[in-house]
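What follows is a single structure, written as structure tokens, with notes after it.
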Amino acid sequence: MHLRVRFDAPRLIHENGRSYAWYDKARVVTVANERIVPEIALKLNLPAQKATMSVVSTQWRVIANDLEKNVRAEASSNTGQTFKAQLEYAGLYRRQPLFVLRVIPVEYNGDRTIRALKELTLDISYPVHSGEQYETRRSRTTQNIFDNPGDETYRLKKVTAIQSNTAMPDYINESVFKLKVDKTGIYKLTSQDLLEAGVPIENWDPQRIAIYNKGKEIPIYVKGGEDGRFDGSDYIEFYATKNEKTFLDQYPDMYADPFTDINVYWLAQKEYAGLRMVDESGAVVNDNYIVPFKFKDTVHFEEDTHREIFGKDPEYISDSADKYDHWFWGNVISAVESRTFTFDLPAPFETGSSVFVRAMLRGVSIYNPSTNPIEGHQASIWLNDQKVGEIEPRDRWRGQKLAQIDNFNSAGLAQSNLVNGTNTLRVDMEQAGLTDIILLNWFEITYDRLYRAKDDFINFNLQKGLYDPSRTTQFQVDGFSDPNIDVYKLGVSKVLNGKVDYYEDSQRFTSYRIIFQDKVYNSDQRYIAVTENAKLKPLSIEPYKPWKEEDPLANILNTTNIADVLIITHPVFDETIKTFKQLKEAQGHTVEVVDVDQIYDIFNYGIKSPFAIKRFIKYAYDYWDASIPLEYVILVGDASYKTKET
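In this note's numbering, the protein residues as written are 100 to 745.
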């Protein structure tokens, strides 16, 4: 097919000694020599999901441009470099293939003129047989979405749509309970805890009790139940983690989950035996053993006290907000300035050069050739007055880009420089005469640590270089304030029969210590030692609530659900929303109301996330009964940028 696109003349904007060609519906992008140019995106609907494009012809208009000399010289190096026309497949919008035609319609010339595109003719090709999969339709809500001429759009036929792989989790039923946690550690549930929360534990078979997290069953330790009953002295123990690192693989600065710290574990009764951590003896019985005395630990430090919106950098002005961490440790750091951050580091080993630091930062101030001609941000990181590393201006860390300073390519900093207790990390900015502003997000310290607990808890593994599955390892862990110490071999067992004593080391440090033996068959095996009083309790134990109390079998995944108006709200509004629902029904609409908790439960394992809402809306549009197609979604609630507090 041939497509002819006409462009209006751009407006010229003069700012800070530079001239820009600008279109109202364009976004800004940067090209060579920091030249800012407009990019226009046209949304095209085609009867295919693959297409190629070629430029048939172009028509240009020439616009006089009163550029200053320094700008003219810069523009000259860009002559003929900026024009672009590119076709990209973006995906399906309501089963309608969406392509984006990206055009940079200007070129800056060295003769003080700008060439602006007047007309662009394209030839767009796609497989001819693909049209058989599509139907044409008219829609009030999508008519203005696409930039194609005409009022009909192509839509993937319902029968050929990709089938959903979303299904109700097996463990969700009318007697499943949600355990909400916001700390990492060993959690203990007694029969009293469960009964007070309304769990019908007296009717459950202890052998079939199971706990799930993020769709997977986790091994748990169940004490008692041999008699087929969960009695007063019986209990459940399991390892749980705070909700974090959700987006870390995608966005390396986003260690904390931006929406919630609360993780959700599901307590259920299966039809068969659940996964278990077994009893395993760690008694000190073997005289031929090795004793590790240190292990490699990494501690993450992050405090979200300052919010930065960003979006001022032309490169990022059109990006969605979820691509960046917006919470930082303290206010902005400006040159010339030093900022110190204090943190506690437990039980560092005394000798060696094994300390590695990683600090995550982001720029704030913007480059401007007239008012702030900064070559790049400058910052150095220091740990207790030992230099970790530095980014220099010549490294060209500019604008609001992400940056990381570390010493991974070095031998490591001295262990002797660390303090058992309060340490400091310092950020130095020394670039005078320019506006140089950055923020510290978080940092991590990797170091050799003694087998010593902090706050009666420690998560550890075997010392590097000592792995030998043929030999017995004797772990000796001190630092406990109480002799009631339990040891867990994560995912495997609860280690019993360890020896507990009151111990004094060579530095006259005294504490309770536990000694146990094990044959380590996995060099990455993690262990936890914790006192009874340091075990945790869930924030809450809540029963799962079905979508409709009057119909417990109804669920939001049912493809017979039908609505043209979908109201998404919070349980706090359940009663007041009834009047609004009746009003919409009186106007002739078919209405369904769904609580966000139900959406989180089915589409994100119970964990709060706006992406769960997005996935649900797409599912309802694609798979609910289309005889009355979904047209409107109404979100009822309040807005807040402090998402973790609401």
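Glycine included, each C-beta is placed from N, C-alpha and C at the ideal position.
Self-check item: Proximity of residue 202 and residue 219 at Cβ, strictly below 8 angstroms
Solution: yes
Practice problem: Kindly identify the DSSP beta-bridge partner or partners of residue 192. | Solution: 195
Practice problem: Check each candidate in 673, 235, 147 and name the one with the smallest Cα separation from residue 252. | Solution: 235
Quiz item: With a Cβ-Cβ cutoff of 8 angstroms, do residue 397 and residue 283 count as a contact?
Solution: no
Practice problem: Evaluate residue 110 with the Cβ neighbour count: other Cβ atoms within 10 Å of its Cβ, from every protein chain shown; 16 or more gives buried, anything less gives exposed. | Solution: exposed
Quiz item: Taking all protein chains shown into account, do 16 or more other C-beta atoms lie within 10 angstroms of the C-beta of residue 670, making it buried, or fewer, making it exposed?
Solution: exposed
Quiz prompt | Residues that residue 380 bridges to, as DSSP identifies them | solution = 595
Quiz item: Going by the CB atoms, is the gap between residue 719 and residue 628 shorter than 8 angstroms?
Solution: no
Quiz item: Taking Cβ to Cβ, would you say residue 611 is nearer than 8 angstroms to residue 581?
Solution: yes
Quiz prompt | Cut-off 7 angstroms between Cβ atoms - residues of its own chain near residue 451, not counting five sequence neighbours on either side | solution = 514, 547
Quiz prompt | DSSP-derived helix/strand/coil call for residue 446 | solution = coil
Exercise. Could you tell me the distance, in whole angstroms, from the CA atom of residue 173 to the CA atom of residue 497?
Key: With a pLDDT of 36 at residue 173, under the threshold of 50, the modelled position of this residue cannot be trusted; read the value that follows with caution. If you take the alpha carbons of residue 173 and residue 497, they lie about 19 angstroms apart.
Quiz item: Is it the case that the Cβ atoms of residue 362 and residue 312 are separated by a distance below 8 angstroms?
Solution: yes
Self-check item: Stretch pair the segment 418-429 + the segment 363-374: three plus CB contacts closer than 8 angstroms
Solution: no
Practice problem: Can you check the segment 674-739 for any alpha helix (DSSP H) of at least 4 residues that lies completely inside it and give the ranges in chain order? | Solution: 676-685, 695-702, 709-722
Self-check item: Beta-carbon spacing of residue 317, residue 337 below 8 angstroms
Solution: yes
Quiz item: What's the C-alpha gap between residue 175 and residue 516?
Solution: For residue 175, the predicted structure reports a pLDDT of 37, less than 50, and the residue's modelled location is therefore unreliable. A value from the coordinates is still provided. Approximately 54 angstroms between the Cα atoms of the pair.
Quiz item: With DSSP run on the structure shown, which of helix, strand or coil describes residue 215?
Solution: strand
Quiz item: Does the beta-carbon of residue 499 have 16 or more other beta-carbons within 10 angstroms, so that it is buried, or is it exposed?
Solution: buried
Quiz prompt | Top-ranked residue by Cα proximity to residue 804, from 592, 682, 152, 651 | solution = In the structure as shown, the chain begins at 100 and stops at 745. Residue 804 is therefore absent and cannot be evaluated.
Exercise. Return the Cβ separation of residue 536 and residue 463 in integer angstroms, given the expectation that the two are a contact with Cβ distance under 8 angstroms.
Key: 4 angstroms
Quiz item: If residue 666 and residue 676 are in contact, beta carbons under 8 angstroms, what's the gap, nearest whole angstrom?
Solution: 6 angstroms
Practice problem: Name the two residues that bound the continuous beta strand (DSSP E) containing residue 754. | Solution: Outside the shown range of the chain (100 to 745) lies residue 754, about which nothing can therefore be said.
Practice problem: Quick one: residues in its chain with C-beta nearer than 7 angstroms to the C-beta of residue 168, no 5 flanking neighbours on either side, listed in chain order? | Solution: In this prediction, residue 168 scores a pLDDT of 37, lower than 50, which makes its location untrustworthy; no coordinate-derived value is stated.
Quiz item: Fully enclosed by the segment 236-300, which alpha helix (DSSP H) runs are 4 residues long or longer?
Solution: 290-295
Quiz item: Closest to residue 400 by CA distance: which of 324, 523, 293, 605 is it?
Solution: 523
Quiz item: For residue 516, which of helix, strand or coil comes out of DSSP?
Solution: helix
Self-check item: Residue from 186, 121, 158, 709 whose Cα sits closest to the Cα of residue 142
Solution: 186
Quiz prompt | Residue closest to residue 358, alpha-carbon to alpha-carbon, out of 403, 395, 390 | solution = 403
Self-check item: Cα-Cα separation, residue 274 to residue 645
Solution: 10 angstroms
Quiz item: Helix or strand or just coil, what does DSSP make of residue 305?
Solution: helix
Practice problem: Report all residues from its chain with a CB closer than 8 angstroms to the CB of residue 632; omit the five preceding and five following residues, and keep chain order. | Solution: 555, 581, 583
Quiz item: So, helix, strand or coil for residue 670, using DSSP?
Solution: helix
Quiz item: Okay, do the segment 469-478 and the segment 526-533 touch, 3+ Cβ pairs below 8 angstroms being the bar?
Solution: yes
Quiz item: Whose C-alpha, out of 679, 703, 662, 652, is nearest the C-alpha of residue 690?
Solution: 662
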